[in-house]
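Chemist:
Numbering (my numbering), first residue to last: 112 to 182.
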């Protein structure tokens, strides 16, 4: 169990994760300050999160394909 938690923390510090967290914070602050509207924030945040999880899912599928003997 401890190994799983450590592994997830290490993966959290990947470049994609850092960029996703920074963009989330920046656009949250801009939305709170009124610099951008809530709709603009939602659009940008949705794109960023969809890209992040999409690449994570694609990476997982590629890894599973290699393990199963497929390329």
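Using N, Cα and C, we set each Cβ at its ideal position, and we do this for glycine too.
Keep in mind the model is a prediction, meaning the values are calculated, not measured.
Counting beta carbon pairs with one atom in the stretch 156–165 and one in the stretch 126–137, are three or more of them shorter than 8 Å?
Modeler: A contact exists between the stretch 126–137 and the stretch 156–165.
Chemist: Using three-state DSSP, classify residue 128 as helix, strand or coil.
Modeler: Position 17 of the chain shown, counted from the first residue, corresponds to residue 128. In the structure shown, residue 128 sits in a helix (DSSP, three-state: H, G or I).
Chemist: Taking only beta-carbon atoms, is residue 175 less than 8 Å away from chain C?
Modeler: Reference to chain C is not applicable here, since this structure consists of a single protein chain.
Chemist: Could you tell me the boundaries of the alpha helix (DSSP H) in which residue 116 lies?
Modeler: Numbered from 1 along the chain shown, position 5 holds the residue referred to as residue 116. 113–123 is the span of the alpha helix (DSSP H), which, as asked, contains residue 116.
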